[in-house]
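Participant:
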Amino acid sequence: MVATPYPLPFTIGSRRLLAVEREVAPIAFTLEDILSGRLPGVPAMGHGEGYRVLSAPAHAEKRLREAMPGFLIGAREDYERSYIAMSGSYDDYLARFSGKTRSTLRRKRRKVEQAGGGDLDMRTYLTPAEMDQFLQLAIPLSRRTYQARLLDAGLPDNKDARAEMRELAADDRVRAYILFLDQQPIAYLYLPVAGHTLVYAHLGYDPDYAELSPGTVLQMAALERLFAEDRFQFFDFTEGDGAHKKLFRTGSVPCASFLMLRPSWANRALLNA
7 MVATPYPLPF TIGSRRLLAV EREVAPIAFT LEDILSGRLP GVPAMGHGEG
57 YRVLSAPAHA EKRLREAMPG FLIGAREDYE RSYIAMSGSY DDYLARFSGK
107 TRSTLRRKRR KVEQAGGGDL DMRTYLTPAE MDQFLQLAIP LSRRTYQARL
157 LDAGLPDNKD ARAEMRELAA DDRVRAYILF LDQQPIAYLY LPVAGHTLVY
207 AHLGYDPDYA ELSPGTVLQM AALERLFAED RFQFFDFTEG DGAHKKLFRT
257 GSVPCASFLM LRPSWANRAL LNA
């Protein structure tokens, strides 16, 4: 994996003076790596300054420290890596929630159904041609979402990303969904497949319909369909915390993301700033 620039803020007190880039190669842990105790391959660092480690569990962090003694560690973020174990049925999954939560989830779905005057209109996109349709509908919606406007986490909209999505669809390695209301898309969910795991890559919804909780309704409807496939072992919520992930997860693993940089006075000053 090629090293890429990673901006490190240089601050004095509460003042951010500038951002200094460091060339780092990624070491990314999949959920299956984490649960099986595997250590992903460590790429050659080349002329880079080190590594950006993503979602390392405690046992792997210790092994990385031992493999690279003296490397400086910083820019650390600790969180729970949340996931859904997809053994059993959708009804088994629902049974994990409290009666109050199940009632709330059913009420949210009924509210969307009533607003649309009928059954829930969720559509699935699997093939390359269907992925083109998904992007045609979801990209304009993504631009309206708070994920894109505030978090810079909307659906990627470039030639390479589109080609990758089509390739995944051709290999049956993606699941994508859109929730419609009165024939208008109001929420989308995009899930690439890694091994036996669905990866929670992109979820967004139209803020004009926020009172209908379209993201939650779409999430549950998609899970019902995915459990029915009886193909996947896990649904991976990836890095970071959040109320949405805590609500839907069946398990979690403490993980951390951090930088490992060559020992130098400049790197030490950056990480300690």
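Residues in the sequence shown are numbered from 7 upward in steps of one, following this note's numbering. Ideal Cβ placement from N, Cα and C applies to all residues, glycine included.
#1: For Val223, which of helix, strand or coil comes out of DSSP?
#2: Can you say whether Ser263 is buried or exposed, counting buried as having 16 or more other CB atoms within 10 angstroms of its CB?
#3: Determine the DSSP secondary structure at His208, reduced to helix, strand or coil.
#4: Using the C-alpha atoms, what's the distance from His65 back to Pro32?
#5: What are the start and end residues of the beta strand (DSSP E) that includes Pro198?
#6: Going residue by residue through the segment 232 to 258, where are the continuous alpha helix (DSSP H) segments of at least 4 residues, counting only ones entirely within it?
#7: Going by beta-carbon coordinates alone, are Phe186 and Asp125 separated by less than 7 Å?
#8: Where Val48 and Pro198 are concerned, what is the direct C-alpha to C-alpha distance, given to the nearest angstrom?
#9: Taking Ala193 as the reference, give the member of Leu174, Ser219 and Leu204 with the closest Cα.
#10: According to DSSP, what are the bridge partners of Pro13?
#11: By how many angstroms is the C-alpha of Thr151 removed from the C-alpha of Leu23?
#12: Pairs of beta-carbons, one from the segment 59 to 73 and one from the segment 108 to 118, closer than 8 Å: are there three or more?
#13: Phe77 and Met266: beta carbons closer than 7 Å?
#14: Taking C-beta to C-beta, are Phe254 and Tyr89 nearer than 7 Å?
#15: Please return the same chain residues whose Cβ sits closer than 8 Å to the Cβ of Glu217, not counting the five positions on each side in sequence.
Facilitator: In brief:
#1: helix
#2: buried
#3: Of the three classes helix, strand and coil, the one that applies to His208 here is strand, per DSSP.
#4: 18 Å
#5: Gln190 to Ala200
#6: 249 to 254
#7: no
#8: 23 Å
#9: Ser219
#10: According to DSSP, which records beta bridges pairwise, Pro13 is partnered with Glu27.
#11: Unreliable positioning characterises Leu23 in this predicted model, as indicated by a pLDDT of 49, which lies under 50. A coordinate reading is not provided.
#12: no
#13: yes
#14: no
#15: none
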